[in-house]
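Participant: Chains A and B are the protein sequences, given in the same order.
The opening residue of the first sequence carries number 975 in this note's numbering; numbering runs sequentially from there.
The opening residue of the second sequence carries number 152 in this note's numbering; numbering runs sequentially from there.
Here you go, one structure.
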Amino acid sequence: MVNYTTEISEGMVVLDAVLQIQAESAGDLACRWNCKAGKCGSCSAEINGKPKLMCMTRLNTLLMDEPVTIEPMRAFPPIKDLITDVSWNFEVKKRIKKFKPRPPDAPDGTWRMYQEDIDRVQEFRKCIECFLCQDVCHVLRDHEKHADFIGPRFLVYAAALEMHPLDTEDRLGELKDAHGLGYCNITKCCTKVCPENITITDNAIIPLKERVVDEFYDPFKKLVKLFRKK
Amino acid sequence: MTEYTTFEHDVLVIGAGGAGLRAAIEASAAGASVGLVCKSLLGKAHTVMAEGGMAAALANVDDRDNWKVHFSDTMRGGQYINNWRMAELHAREAPDRVRELEAWGAVFDRTKDGKILQRNFGGHRYPRLAHVGDRTGLELIRTLQDHGIHQGIEVYMEVTVVSLLKDGDRVVGAFAYEREHGRFRVFKAKAVILATGGVGRAFKITSNSWEGTGDGHTLAYDAGAELIDMEFVQFHPTGMVWPPSVRGILVTEGVRGEGGILTNSEGKRFMFDDIPDNYKDQTADSPEEGWRYVTGDKNARRPPELLTRDHVARAIVREVKAGRGSPHGGVYLDIAWIKENLSNAPEHIKKKLPSMYHQFKQLADLDITTTPMEIGPTTHYIMGGVRVDSDTQASTLPGLFAAGECAAGINGANRLGGNSLSDLLVFGKRAGEFAAAYANENPQGNIDDGQIEQTARQALKPFERAGGENPFAIQYALQDMMQDLVGIVRTEEEMQRALVGITTLRERTKNVSVTGNIDFNPGWHTALDLNNLLTVSEAITRAAIERKESRGGQYRDDYPAKGEEFGKINYTLKKSADGKMQIESVPIPDMPEELQAIIEEMG
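Listed below in structure tokens is the structure:
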């Protein structure tokens, strides 16, 4: 841990302080940032131990009589200062089957969808891929199940595809097996840290678990399947 | 000898915002092997900041809309010095590009009958912007990203291009470094597409992220390509002004599209005072008519807050200068007032403008459903850029293409809100298509080790000096100067001072030093960006001096009127043999009768 000191002015967020230190005294202090408005999800860090976006955390919401600690996300391999290697997330996404729409509804090649049918999917698509939910998920952070479990971000991604009114792909088998849906034991840590307030556990993960149960563990369905095979 | 790793592709795309991603998808679909280089992580480009929507004449909300109206709106907004062919292609093709996004998984807000919903925006005659609340850019970039990763495109994240490599006149690749360990990369490509976005970081108050440093503009210019229309910088009327740390962050035009009004310290709705003649017929003459317009009355005309951005920004500056500004040097943008007309106004505002609500709540302790926002102009977009062929997006150098904000032509003197997202789709696709075709017809060029050696040596110099200039200090000095001397209101005398200042800063740049090692070093990166920022600043200033008139984004206090002869030309900039910046005026080709007729018909 390195100590830096800088002057604070009204309204400053944590990212402002980091950039100011960079410009004044530590030109090689590494951090990621882009939009500085909570829309790109680049500047994720652990501020006083809490996973947050640096650009949306105002210094006047923190106790200033002690130094503010800023640490990189712990669930990913460190690279330098506040930078971690998040490339695993990009690999995981590629493994999830892409969107496959039904044939268009109208002769001009367009579809009809109603607002009430897409509200949920739009909630999931607010995700800015800051990976804070991945950072706090104990399956990844403490148990390091990166090979077996895709984490809350990609369960939300899969849920957005599965609940998309136009999508025809079936991802339930993979969610159960390759993507490790069962590892999530619904502690809701991911939901608590989401800067976009996506109800990750209740709206995405639990419904996916229910779908998997319906598909693979419903005794009546099993019976029907048994007869179909013959 | 410089150590580097070489990667080879048919098409290299530099920049992974909307234009770069769309170009990469198209080139890859045409069978080309595609490399996509981006400065940040994939999906973080400045496109995510686009809020209001993408303009396309789908006619889902108002069936009077069609490509002709969109074309004429774009030309009017650009004050008729646009590349008319680009404006035509854009208006014709935007609807298909938007529908295509839906086929790739985008989830736009819907009309009652289940179609893509469209909203009002400045300068657009009918509700035309397909949108998702106020996070349309995120939807666009994520849709392209999630589609693109299954196309076999090779993505190189956190890689910065330092220079283009040439074989004779032809561009045959790029020299770059990866941020993690500062290792050099050579990309060999049969065709190269620039899609690097804007230049906002040349100014102090800007909505742009650290990435908007004019990289593509400068890479093209240094390689010998022409830039055009560089005097036209768009100052968006509504950026945040308080607290100081958020100054410049964008407040979407969608706020005004949903009924937001602009008022001064006297509570007066000042935009009614100054409606330009060529918009008088299209503008409401009472607040009551304005409200009817934003709530969908087809017989009403749009409120003056939805005049073009150049005009609204200047009106705000005028109010502030006249002493009628808000406490922190802006004016008020009020959406809370709609509660007079809507019983569920707070919920309605949160639903339509969710990220604006959160942005103000979290960053300024202000509830936009009850309190007016303080806003002022912020540097947002550059209409100027790499001069390209209207149909193919080919630059003036063989093998080099450009699309999106770093290319120029479609917007003329001022861009309409919403035309940027559709521009990057339409011309991103075209750039990808024609770059792939060029790659198909041409073999790989020869990479010249001499160019690599020279660039690498130059790039590493800041590490060899000790105790030199701080790169951040030079960047801040340039931003302060451009803001003061080449901002919204310009004069010859101030701009001549800016040119002298740019020369001085260039000298200081030669003595820049950085601390620490080469691994992920923001100071070093900033040092390498300085040439880009200085080059685009010089181009903006030189072109702005030459254009002795006021038009669109360019307002000259010493030439406040529009000059007829300037309506017939564009300015191009090119690096001459002795390294100096050369400016030239080029006549705008005559518009075909068919397009001329459309403009006359639309009044």
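C-beta atoms are modelled at their ideal positions from N, C-alpha and C, and glycine is treated no differently.
As the structure is a computational prediction, the values presented were derived from the model and not from experiment.
Using a cut-off of 8 Å between C-beta atoms, extract the partners of MET1030(A) located in chain B.
Facilitator: By Cβ distance, chain B contributes GLN513, LEU514.
Participant: Is the region 284–294 of chain B close to the region 226–242 of chain B, with three or more CB pairs under 8 Å?
Facilitator: With the cut-off at 8 Å, the region 284–294 of chain B and the region 226–242 of chain B do not touch.
Participant: Name the residue from TRP393(B), ASP297(B), VAL397(B), ASN359(B) whose alpha carbon lies nearest to the alpha carbon of VAL384(B).
Facilitator: If we check each option's Cα against that of VAL384(B), ASN359(B) comes out closest.
Participant: In three-state DSSP terms, what is THR750(B)?
Facilitator: Per the sequence presented here, residue 750(B) reads as Ile, with Thr not at that position. Looking at ILE750(B) - three-state DSSP - the assignment turns out to be helix.
Participant: How would you list, in chain order, the residues of chain A whose beta-carbon sits under 8 Å from the beta-carbon of LEU193(B)?
Facilitator: The answer, in chain order, is PHE1064.
Participant: Since TYR430(B) sits in a beta bridge, which residues does DSSP pair it with?
Facilitator: In the DSSP output, where bridge partners are listed per residue, TYR430(B) has none listed.
Participant: Looking at chain A, which residues of the region 489–513 of chain B have a Cβ within less than 9 Å of any of its Cβ atoms?
Facilitator: Result list: PRO505, SER506, HIS509, GLN510, GLN513.
Participant: Work out the CA separation of LYS501(B) and ASP516(B) for me, nearest whole Å.
Facilitator: If you take the alpha carbons of ASP516(B) and LYS501(B), they lie about 16 Å apart.
Participant: Following the continuous alpha helix (DSSP H) through HIS387(B), name the residue where it begins and the one where it ends.
Facilitator: That residue, HIS387(B), is in no alpha helix (DSSP H); its beta strand (DSSP E) goes 384–391.
Participant: Hey, could you find the ends of the beta strand (DSSP E) GLN230(B) is sitting in?
Facilitator: Here GLN230(B) belongs to no beta strand (DSSP E), and DSSP marks it neither H nor E.
Participant: Using a Cβ-Cβ cut-off of less than 7 Å, give me the residues of the region 1074–1099 of chain A that come near chain C, in sequence order.
Facilitator: Of the chains in the structure shown, none is chain C; the protein chains are A and B.
Participant: Using the three-state DSSP reduction, which class does PHE158(B) fall into: helix, strand or coil?
Facilitator: Strand.
Participant: Are the beta-carbon atoms of VAL258(B) and LEU548(B) separated by less than 8 Å?
Facilitator: No, they are not a contact pair.
Participant: Out of SER191(B), ASP542(B), GLY535(B), PHE421(B), state which residue places its alpha-carbon closest to the alpha-carbon of ASP485(B).
Facilitator: When only C-alpha atoms are compared, the closest one is PHE421(B).
Participant: When the cut-off is 8 Å and only beta carbons count, does ILE519(B) lie next to chain A?
Facilitator: Answer no: the Cβ-Cβ gap between ILE519(B) and chain A never drops below 8 Å.
Participant: Using the beta-carbon of each residue, which ones in chain B are nearer than 7 Å to ALA1152(A)?
Facilitator: Simply none; closest approach about 17 Å.
Participant: Is there a C-beta anywhere in chain B that falls below 8 Å from the one on ALA1011(A)?
Facilitator: Yes, ALA1011(A) lies at the interface with chain B (some Cβ there is under 8 Å from its Cβ).
Participant: Do ILE533(B) and VAL402(B) come within 8 Å of each other at the CB atom, strictly closer than that value?
Facilitator: No, the Cβ-Cβ distance between VAL402(B) and ILE533(B) is not below 8 Å.
Participant: Residues of the region 229–243 of chain B with a CB closer than 7 Å to any CB of chain A: list them in chain order, please.
Facilitator: Taking 7 Å as the Cβ-Cβ cut-off against chain A, none of the residues of the region 229–243 of chain B qualify.
Participant: How about GLY569(B) and ARG279(B): are their beta carbons less than 8 Å apart?
Facilitator: For GLY569(B) and ARG279(B), yes; Cβs fall inside 8 Å.
Participant: For ALA553(B), list the residues DSSP reports as bridge partners.
Facilitator: Note: ALA553(B) sits in a beta bridge opposite LEU345(B).
Participant: Can you grab the Cα-Cα spacing for the pair PRO711(B) / VAL392(B), in whole Å?
Facilitator: Going from the Cα of PRO711(B) to the Cα of VAL392(B) covers about 27 Å.
Participant: What are the partner residues of ARG315(B), as DSSP defines its beta bridges?
Facilitator: Residue 315(B) is actually Leu in this sequence, not Arg. Answer by DSSP bridge pairing, in chain order: ALA325(B).
Participant: Measure the CB-CB distance between LEU636(B) and GLU643(B) and report whether it falls below 8 Å.
Facilitator: Going by C-beta atoms, LEU636(B) is not nearer than 8 Å to GLU643(B).
Participant: Taking the Cβ atom as the reference point for each residue, do VAL199(B) and GLY299(B) lie within a distance shorter than 8 Å?
Facilitator: Against a cut-off of 8 Å, the Cβ pair of GLY299(B) and VAL199(B) comes out as no contact.
Participant: Output the boundary residues of the beta strand (DSSP E) element that contains LEU724(B).
Facilitator: Looking at the DSSP string, the run of the beta strand (DSSP E) that includes LEU724(B) is 720–726.
Participant: Just the C-alpha distance for ALA582(B) and GLU1040(A), rounded to the nearest angstrom, thanks.
Facilitator: Using only the alpha carbons, I get a separation of about 54 Å.
Participant: Could you check whether the Cβ of LEU289(B) sits closer than 8 Å to any Cβ belonging to chain A?
Facilitator: Answer yes: the Cβ-Cβ gap between LEU289(B) and chain A drops below 8 Å somewhere.
Participant: Any C-beta of chain B within less than 7 Å: which residues of the region 981–999 of chain A qualify?
Facilitator: Under the 7 Å Cβ criterion, the region 981–999 of chain A contributes SER983, GLU984, GLY985, MET986, VAL987, ASP990, GLN996, ALA997.
Participant: What is the DSSP secondary structure of ILE165(B), reduced to helix, strand or coil?
Facilitator: Three-state DSSP puts ILE165(B) in a strand.
Participant: Output yes if chain A places a C-beta closer than 8 Å to the C-beta of SER477(B); else output no.
Facilitator: It does not; no Cβ of chain A falls within 8 Å.
Participant: Output the boundary residues of the beta strand (DSSP E) element that contains ASP485(B).
Facilitator: Residues 482–485.
Participant: Establish whether the CB of SER1018(A) and some CB of chain B are separated by less than 8 Å.
Facilitator: Judged by the 8 Å Cβ criterion, SER1018(A) is not in contact with chain B.
Participant: Which of the three DSSP states is assigned to GLN733(B) in this structure?
Facilitator: Note: GLN733(B) maps to strand in three-state DSSP.
Participant: Report all residues from its chain with a CB closer than 6 Å to the CB of VAL1095(A); omit the five preceding and five following residues, and keep chain order.
Facilitator: Cβ neighbours of VAL1095(A) beyond the five flanking positions: ALA1134, MET1137, HIS1138.
Participant: Let's see if you can read the secondary structure: which residues bound the beta strand (DSSP E) around ARG581(B)?
Facilitator: Premise fails: ARG581(B) lies in the alpha helix (DSSP H), 570–592, not in any beta strand (DSSP E).
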